[in-house]
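Structure, as structure tokens:
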Amino acid sequence: MIKKFSLHTLLFLIPVVIAYGIVEQYTRSLPLSPKIKSDYLNTHHNDIETLVLGASQNRDAINPEFLSSRTLNLAYPDQDYHVSYKVLKELSSRLPKLKTVIIPISYGHFETASSQTDTWKNSMYKYYFEVTVSDKFTYFKENLLYISYPNYYTSKIKEHRKGKSSLDFNDYGYNNDISYGKFYKLNYDSLSIAKSSIHSTPEKENISFVSENTEKLKAIIAYCKSNEYTPVFVITPTTKRFRDQRIPGVLHRRDSIVSLMKSLYDIKLLDAENGDAYELTDYRDDNHLSPSGAKIFTKRLNVFLQKYK
Amino acid sequence: MLFNSFDFGLFLPIVFILYWWIGGKRIRFQNILLLIASYFFYGVWDWRFLLLIFASSLVDFYAGRSIALAKVEKRKKAAVYVSVFWNLGVLFVFKYYNFFLDTIKSLFEIPENTFTTLDIIIPVGLSFYTFQTIGYTIDVYRKKINPSNDLLQFLCFVSFFPQLVAGPIERASKLLPQFKIQRVFKYEAAKDGLRQLLWGLFKKIVVADNIGVAVYAIYAHPENYGSITIIYGALLFLFQLYADFSGYSDIAIGTAKLFGFNLSTNFRLPYIANSVTDFWRRWHITLSKWFQDYVYFPFVRNTSIRGISKSNRKVLGLIFTMSLVGLWHGANWTYLIFGILHGLLIAIEAIPIYKRGKRIKLHQWLDSGVLLSKPYTITFLVISLIFFRANSIESAGTMILEIFTQNIPFFDFSFIIGKKILFLVIMIIAELWRRDYIHPFKNIETVIPKVIRWGIYYFLIFAIIRYGRPDEAFIYFQF
């Protein structure tokens with residue numbers, strides 16, 4: 001009976017496995033940003049001199065096209081210091097000419113919990129960049145892309161089938177498509193933008209996370225120092241209304257930590273947080289730059305990096 | 001380990017194969033395998049939890065034996081007290097100590113650093129297995145069951161992985177004997193178990209988790225939304241909670257069936273209840289029964305409480321019991337208020353009325369299906385569950401206030417969950433259609449041909465993969 005049951009269950013599951021295999025394979029073949037960056041990494045890993053870490057702010061603000069040194073931007077949404085450290089540590093052996101590491105100092109980095117339970121992160125970094133970001137035991141599931149984030153990958157499959165995807169990525173994997181930004185959707189209308197809500201994390205003070213995140217940042221710096229990489233702190237531009245709604249306590253703690261780190265480890269900081277000089281069209285939303293904003297900011301970063309070279 | 005995780009997807013078939021292929025020959029092998037599997041399942045969260053569950057099991061096992069061996073009543077009572085105090089003590093320290101201190105501090109305006117709160121995490125499922133073992137020792141004391149003489153069987157009874165972390169809270173009289181006999185593989189039972197498991201996964205992963213996204217956003221900032229949006233969010237939570245918890249129960253019961261076990265039914269369409277009293281006969285049935293047998297009845301029958309008539313004792317007993325039911329869910333005033341509200345309503349529904357010359361209780365009249373009895377029950381549930389879901393009384397108050405005071409009852413259409421609402425509709429239709437069965441797929445072959453049945457199964461699996469949000473924890477795990 002047990003054999004019959006096991007056999008029937010297996011037979012029942014065969015079509016599921018086959019169907020999933022097809023979807024998974026299709027997902028892997030999609031020309032998504034990490035795929036382009038992965039190809040770029042594989043082609044140029046011997047020449048890459050600058051590595052950009054961080055979350056979506058750095059992803060959108062730094063377009064390697066406008067930097068003099070060959071740069072890989074591996075900033076991705078919700079990349080906390082824990083993940084940044086893993087990316088740096090596990091990739092550095094593949095980047096023999098690496099000299100500079102761009103480290104994000106965003107508003108929320110120190111008081112946001114490390115989210116290792118996000119399965120999409122494990123799978124994405126593992127599959128595209130061969131980086132294991134999870135501290136926990138990992139096995140085959142970390143290599144399954146589609147099921148790690150079905151909503152996202154389904155939308156990308158649909159876009160691809162309609163011929164929409166990958167058209168706006170440059171060779172470095174930077175997304176030049178402006179249409180996914182909130183400000184674009186509001187037609188850059190300042191009144192509509194003023195009325196819209198601002199998304200910012202943290203929404204409340206989370207002092208308990210500060211210590212852990214600071215330690216991770218220290219680990220990144222220590223790793224840079226031990227490998228003779230130059231760590232550079234970067235704060236990307238934000239709108240005035242974004243800056244106005246920040247929690248003073250969170251901001252104060254962030255600034256104190258940054259000051260301390262700068263003096264302790266002699267780290268250069270590019271503080272571009274006051275983004276009032278940028279036009280509305282230079283933003284995707286209140287704390288993410290659009291391609292035109294990224295061009296301005298990256299050029300400024302380039303000058304900054306050249307200065308301290 | 002979560003039922004809706006990849007890990008469980010690997011764990012279950014491995015344990016299933018080992019259990020029937022290697023352990024299938026002898027009871028002891030089967031029990032050893034189940035114990036190892038259960039401890040592994042539980043230890044994946046945190047291995048330190050295992051020390052606690054093992055210690056609790058030992059205390060209750062030996063308490064049960066002491067009760068049976070004791071010649072004098074005094075010693076029997078002492079053994080029961082040891083077991084009850086141990087279990088409630090563990091529960092208090094891990095779950096209620098910090099809440100208790102905070103309450104004392106705020107009541108008596110004691111300075112912040114006078115007492116030290118504990119920096120500990122609550123072991124998953126603590127409230128479930130402690131209640132199961134308290135029930136065991138009390139039943140032994142009441143001579144309803146004989147104490148277990150086999151430690152292995154008892155350890156299995158306490159830690160049985162399908163129901164360990166979120167119930168059903170089983171009675172020893174039902175579950176313990178099942179570890180004493182050899183389980184024989186039954187094709188039909190296993191098939192039924194798999195179907196129930198699949199249905200539970202669909203309810204949890206597809207229905208509950210997707211509804212939860214909108215619920216989370218609305219409850220996080222109720223002040224940003226209009227009355228209609230808040231009511232919509234509160235209604236969605238009603239279904240999220242049901243799909244989440246009853247989904248868990250379906251997975252637990254279905255998994256147990258795969259191993260030849262029969263667990264208690266925990267839900268019987270609670271939202272079609274005609275009264276709050278009826279609701280608690282349909283919602284988390286094993287918990288309601290536990291409180292009824294071990295708290296409410298002893299309270300009402302306790303004649304040592306002088307000066308209070310039996311009918312008043314019943315009213316007090318209902319409110320007291322339901323307050324504890326509320327607090328069982330967590331150390332927060334919101335849960336207490338939730339419990340008190342339910343206690344009050346159940347007490348009111350126990351008031352006798354006269355209908356056609358017959359003296360009946362109010363809830364009996366409501367249960368007969370009179371007009372508006374269902375809307376009354378649902379409205380009350382929606383309001384009381386606002387307290388259940390909210391992080392604080394202030395937050396719950398804000399939500400309720402916003403419902404009534406928003407000038408423009410606008411609806412925020414960004415919370416429309418689109419096609420996913422269809423899954424909720426599918427769940428409701430399926431459960432109502434098959435309401436006489438413990439899950440919609442029970443005996444389904446008698447009404448639906450095989451081809452369509454398989455199509456439905458594949459559709460559910462597709463929905464689970466496509467709309468799943470991996471590793472989303474079950475709401476009731478926190479309790």
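So the sequence lines, in the order shown, correspond to chains A and B. Note that the first sequence covers residues 1 to 309 in my numbering. Note that the second sequence covers residues 1 to 479 in my numbering. Positions of the beta carbon are idealized from the N, C-alpha and C atoms, including for glycine.
- Non-local C-beta neighbours of LYS355(B) in its own chain, meaning closer than 8 Å and more than five positions away in sequence, comprise TRP365, ordered along the chain.
- Between TYR125(A) and the set SER259(A), GLU273(A), LYS97(A) and ARG28(A), the nearest pair of CA atoms involves ARG28(A).
- For PHE185(B), the closest Cβ of chain A is nearer than 8 Å.
- For ILE461(B), the chain A residues whose C-beta falls within less than 8 Å of its own C-beta are VAL16, listed in chain order.
- A direct Cα-to-Cα measurement between ILE464(B) and LEU201(B) gives close to 7 Å.
- For PHE297(A), no Cβ of chain B is located within less than 8 Å of the residue's own Cβ.
- In the assembly as shown, ARG183(B) is a buried residue. Its beta-carbon has 16 or more other beta-carbons within 10 Å.
- Around the CB of TRP47(B), fewer than 16 other CB atoms lie within 10 Å, so the residue is classed as exposed.
- For MET124(A), no chain B residue has a C-beta closer than 9 Å to its own C-beta; the minimum C-beta separation is roughly 13 Å.
- Where THR334(B) is concerned, the enclosing alpha helix (DSSP H) starts and stops at 333-349.
- Secondary structure within the stretch 29-109 of chain B: not one fully enclosed beta strand (DSSP E) run of 3 or more consecutive residues is present.
- For the C-beta of ARG453(B), not a single chain A residue is nearer than 7 Å; the gap to the nearest is close to 11 Å.
- Across the set ILE134(B), LEU18(B), PHE40(B) and LEU33(B), the C-alpha of ILE134(B) shows the shortest separation from the C-alpha of SER57(B).
- Close CB contacts of PHE404(B) within its chain, under the 8 Å cut and outside five residues either way in sequence, are with SER227 (chain order).
- Under the Cβ criterion (8 Å, minimum of three pairs), the stretch 223-242 of chain B does not count as touching the stretch 442-451 of chain B.
- According to the DSSP assignment, LYS361(B) belongs to no alpha helix (DSSP H) but to the beta strand (DSSP E) extending over 358-361.
- CA-CA distance, ARG254(A) to PHE110(A), rounds to 7 Å.
- Under DSSP, TYR354(B) forms a beta bridge with ARG359(B).
- Between ARG65(B) and PRO177(B), the C-beta spacing is not below 8 Å.
- Per the Cβ contact rule, the stretch 230-244 of chain B is not in contact with the stretch 291-303 of chain B (fewer than 3 Cβ pairs under 8 Å).
- Look at TRP20(B): its C-beta is under 8 Å from a C-beta on chain A.
- In this structure THR71(A) is buried. Its beta-carbon is surrounded by 16 or more other beta-carbon atoms within 10 angstroms.
- Bridge partners of PRO104(A) according to DSSP: VAL234(A).
- At a Cβ-Cβ threshold of 8 Å, PRO64(A) and TYR180(A) do not count as neighbours.
- LYS268(A) sits in a strand when the DSSP states are folded into three classes.
- Using a 10 angstroms sphere on the CB of VAL303(A), the tally of other CB atoms stays under 16, which defines it as exposed.
- The C-beta of PRO96(A) has fewer than 16 other C-beta atoms within 10 Å across all chains shown, which makes the residue exposed.
- Between the alpha carbons of ALA55(B) and PHE61(B) lies a gap of roughly 10 Å.
- DSSP places VAL52(A) within a strand segment (E or B) once states are collapsed to three.
- What ILE105(A) touches in chain B, judged by beta-carbon distance under 7 Å, is nothing: the nearest beta carbon there is about 26 Å away.
- Contact between ASN266(B) and GLY369(B) fails: their C-beta atoms lie close to 24 Å from each other, not under 8 Å.
- When CB distances to chain B are screened at a threshold of 8 Å, not a single residue of the stretch 158-186 of chain A falls below it.
- For TYR467(B), at least one C-beta of chain A is nearer than 8 Å to its own C-beta.
- Judged by DSSP in its simplified three-state form, ASP286(A) adopts coil rather than helix or strand.
- As the crow flies, the alpha-carbon of TYR76(A) is around 28 Å from that of MET1(B).
- In the assembly as shown, LEU305(A) is a buried residue. Its beta-carbon has 16 or more other beta-carbons within 10 Å.
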